[in-house]
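Using this note's numbering, you'd call the opening residue of the sequence shown number 8 and step up by one each time.
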Amino acid sequence: DARAAALVASTIALAHSLDLHIVAEGVENDTTYTQLRRLGCDQAQGYFMSRPVPAAELEHWLSTWRGDDEPTDPRTVALSYPLTDL
8 DARAAALVAS
18 TIALAHSLDL
28 HIVAEGVEND
38 TTYTQLRRLG
48 CDQAQGYFMS
58 RPVPAAELEH
68 WLSTWRGDDE
78 PTDPRTVALS
88 YPLTDL
């Protein structure tokens, strides 16, 4: 809703004014993900990107992921993904 968006936007702005990066946790859908990108959030993590994975799968993901490419589907990302680089 509008009040929640205003609170999130002001939190992001405050963090950026203090030269901090902000990570949104609990991102569960495309609407939230898109809104966070629009508001300038630096990173996000949550079930929308990936369910928790076993350590062995995480190691594989880390060894094959190229940080300069946006994933085809953001739900394939197992870690918090930088939103400002998309």
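All residues carry an ideal CB built from backbone N, CA and C; glycine is no exception.
This structure is a prediction, so every number in the text was calculated from the model and none was measured.
Cβ neighbour criterion (16 or more within 10 Å) applied to residue i
i: V60; result: exposed
i: Y54; result: exposed
i: D49; result: buried
i: A11; result: exposed
Secondary structure of residue i, DSSP reduced to three states
i: V84; result: In this prediction, V84 has a pLDDT of 44, which is less than 50 and means its spatial position is unreliable; nothing more can be read from the coordinates.
i: D26; result: coil
i: E35; result: coil
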